[in-house]
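Trainee:
Numbering (the numbering used here), first residue to last: 26 to 641.
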């Protein structure tokens, strides 16, 4: 039996469909047209949707919906129907699974079709139709309407052929039909859910956002001038950092030869490089501190719609591990952490931030079955457990009592999990070479079973030619590429973390929780304020759901910590200090006061706005 015939026995309808739509940055889409074809009956339906509120033309209770990049289709589907169907097949995601990692492969619809020698319209025609749809909405001529509907139909016809070609490829690989379709639907449904999450958006504190928009430009200019004065160098000219001036400064400070370089030989200007040297040179520290202010606008992390919600494409499969990849300029969770303070809600709602406790350590332990690592995770604090176990901290030590030691072993634990060398570890924990080598050796010995396992996984994957999760997410390793072992060590951990996140999102959506944002190892929910007893019950349900999602992927539950955010997102330690510094200076300009070194930092107490509820 062919795979398409197998599907026809499982579903009443197999519908390939495509919407054309117009959308503005930060807003939800406006549907223009829909074309849908049922591969079982052969029936084709077209709808012109400008100014109309038509229903989706096929029943969906037992229907497999097929689209390319189905999050786009789902965003328009939600304009017609209130709930997303459960059976989705995304040709984009399946092509990622087929070819991600192989060289020179693209995953737009036309490129995927050309890979299978499927004839399509030209790029020129596609771009012309897209431009018409975006520029002329809603006032299309009769000729434009006809062209849009023809273009809409052509996308459905070629994606039908692509879908059948993907099924044929799966057949040739002798896949188990039930497993293959189950995994495809899991990933397709996850991709579709992106649309609903984006539609929800992230609530933004409008006052903070307004202040940043209004007063930041003048404050930024003053900050540049102040920094240039302190350094005695014209580092910033016309609002831009001069690379030549920066490298001249490094030479004058005897740092040029040791400073990290790009592949072209230029000195790097990323935060990581500044962080490495800020404790050994005061001018580097000044530049890093100022950069948090000067670059804040560029990285503010808000692409806001008219309803005060921040929206951006989530791209749940945006990285090779399947992790979410959001824009640094459009999402508070893509930008530097300090910009998360822009997140806020009203007096009738809470934001609930739920994160899996030590998720990567838990995944390491579950997948490797290292008995010592399992004990570390079960202790509730694998990093403190590690420090105590190697006698770097006394028995009974806690985060509160031995925070510096715990931080060293946290960084060491995380670094070694990705096979970082002792020399790399030295820079990370800011210790001497001998100390770094000693700690490196301690952890290798303590968690020897984990290291034996991860090297085995890497070896097996190299021989097989790809990594693959339990749920079928795949990354190909080509023989003509230099493979970074750290990347390979990272893949099983992050990929299974991504599968856990997708599983949790689907379950939370089924329970009708409003999801504002997935954040790698956490989920941000938006909840109506209720009596505490009801809130507590809902939070317990969220924790249970997320813990069970982990168990479905790695056969082990991961506890979930919850924070309630009452009106404004508050952070910890340095990130909150950075925000306080930024916003303090914004307020001074709002009051017409020039920045001086004597400005006092305005602080917001986390206890007022944000409360850790409990762990499960």
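Note that CB positions come from ideal geometry on N, CA and C, so glycine has one too. Remember, predicted model here, so these are calculated numbers, not experimental data.
Less than 8 Å between C-beta atoms, sequence neighbours within five positions excluded: which residues of the same chain meet that for residue 36?
Mentor: Residues of the same chain with a CB within less than 8 Å of the CB of residue 36, apart from the 5 flanking positions on each side, are 65, 87, 88, 89, 112 in chain order.
Trainee: Within 10 angstroms of the Cβ of residue 245, are there 16 or more other Cβ atoms? Answer buried if so, exposed if not.
Mentor: buried
Trainee: Do you know how far the Cα of residue 269 is from the Cα of residue 260?
Mentor: 9 Å
Trainee: Label residue 68 either buried or exposed according to how many other C-beta atoms from any shown protein chain fall within 10 Å of its C-beta, with 16 as the threshold for buried.
Mentor: Under this definition residue 68 is an exposed residue.
Trainee: Is it right to say residue 481 is buried, meaning 16 or more other beta carbons lie within 10 angstroms of its own, or is it exposed?
Mentor: Residue 481 should be labelled exposed.
Trainee: From the DSSP output, in three-state form, read off residue 5 for me.
Mentor: Residue numbering for the chain in the displayed model covers 26 to 641; residue 5 lies beyond these limits and cannot be assessed.
Trainee: Quick check on this structure: which residue in 215, 126, 51, 221 has the alpha carbon closest to the alpha carbon of residue 106?
Mentor: 221
Trainee: Mind checking residue 239: buried by the 16 CB within 10 Å criterion, or exposed?
Mentor: Residue 239 counts as exposed, since fewer than 16 other beta carbons sit within 10 angstroms of its beta carbon.
Trainee: Could you tell me how far apart the beta carbons of residue 143 and residue 194 are, in whole angstroms, since I believe they sit closer than 8 Å?
Mentor: In this structure residue 143 is not in contact with residue 194, their Cβ atoms being roughly 13 Å apart against a cut-off of 8 Å.
Trainee: For residue 251, which three-state DSSP category applies?
Mentor: Correct three-state label for residue 251: helix.
Trainee: With respect to the alpha helix (DSSP H) encompassing residue 434, which residues constitute its N-terminal and C-terminal limits?
Mentor: 428-442 is the extent of the alpha helix (DSSP H) around residue 434.
Trainee: Would you mind stating whether residue 593 and residue 604 have Cβ atoms separated by less than 8 Å?
Mentor: Result no, Cβ atoms of residue 593 and residue 604 do not sit closer than 8 Å.
Trainee: Which residues in the same chain have their Cβ closer than 7 Å to the Cβ of residue 553, if we skip the five residues on either side of it in sequence?
Mentor: 373, 374
Trainee: Taking only three categories from DSSP, how would you classify residue 498?
Mentor: coil
Trainee: Output the distance between the C-alpha atoms of residue 42 and residue 356, rounded to the nearest integer angstrom.
Mentor: 29 Å
Trainee: From the DSSP output, in three-state form, read off residue 112 for me.
Mentor: coil
Trainee: Leaving out the 5 sequence neighbours to the left and right, which residues in its chain are closer than 7 Å to residue 466 when beta-carbon positions are compared?
Mentor: none
Trainee: From residue 423 to residue 409, what distance separates their C-alpha atoms?
Mentor: 7 Å
Trainee: In angstroms, rounded to a whole number, what distance separates the CA positions of residue 514 and residue 457?
Mentor: 25 Å
Trainee: At the 8 Å Cβ level, is residue 310 part of the contact set with chain B, yes or no?
Mentor: The structure shown contains no chain B; it is built from a single protein chain.
Trainee: Using beta-carbon positions only, say whether residue 228 and residue 551 come within less than 8 Å of one another.
Mentor: yes
Trainee: Quick one: what does DSSP say residue 30 is sitting in, helix, strand or coil?
Mentor: Reduced to three states, the DSSP call for residue 30 is helix.
Trainee: So the candidates are 152, 459, 166, 110; which of them puts its Cα closest to the Cα of residue 642?
Mentor: Nothing can be reported for residue 642: it is not among the residues displayed for the chain, which extend from 26 to 641.
Trainee: Under the criterion of a Cβ to heavy atom distance below 7 Å, does residue 519 qualify as lining the ligand ATP?
Mentor: What this structure holds is no ligand at all, so the ligand ATP is not there to describe.
Trainee: Please report the distance separating the alpha-carbon of residue 416 from that of residue 400.
Mentor: Going by the C-alpha atoms only, they are around 16 Å apart.
Trainee: Counting C-beta neighbours from all protein chains within 10 Å, is the total for residue 26 16 or more, i.e. buried, or is it exposed?
Mentor: exposed
Trainee: Do residue 447 and residue 385 have their C-beta atoms within less than 8 Å of each other?
Mentor: no
Trainee: Applying the criterion that 16 or more other CB atoms from any shown protein chain within 10 Å of the CB defines a buried residue, is residue 619 buried or exposed?
Mentor: Per-residue confidence for residue 619 stands at a pLDDT of 49, beneath the threshold of 50, marking its modelled position as unreliable; no derived number is given.
Trainee: Have a look at residue 278 and residue 284 and give me their C-alpha separation to the nearest angstrom.
Mentor: 11 Å
Trainee: Quick check on DSSP: helix, strand or coil for residue 632?
Mentor: The pLDDT assigned to residue 632 is 39, lower than 50, so where the model puts this residue is not dependable; a value taken from the coordinates is nonetheless given after this. Here residue 632 sits in helix by DSSP.
Trainee: When we look at the beta-carbon of residue 290 and count the other beta-carbons within 10 Å, is it buried (16 or more) or exposed?
Mentor: exposed
Trainee: Kindly list the residues whose CB is nearer than 8 Å to the CB of residue 505, restricted to its own chain and excluding five residues on each side of it in sequence; keep chain order.
Mentor: The pLDDT assigned to residue 505 is 49, lower than 50, so where the model puts this residue is not dependable, and the model offers no usable value.
Trainee: Ends of the beta strand (DSSP E) at residue 643?
Mentor: Lying outside 26 to 641, the shown extent of the chain, residue 643 is not represented and no answer is given.
Trainee: Are the CB atoms of residue 532 and residue 494 within a distance shorter than 8 Å?
Mentor: no
Trainee: Among 233, 477, 411, whose alpha-carbon lies nearest the alpha-carbon of residue 367?
Mentor: 233
Trainee: Look at the Cβ atom of residue 463, then the Cβ atom of residue 397, and state whether they are nearer than 8 Å.
Mentor: no
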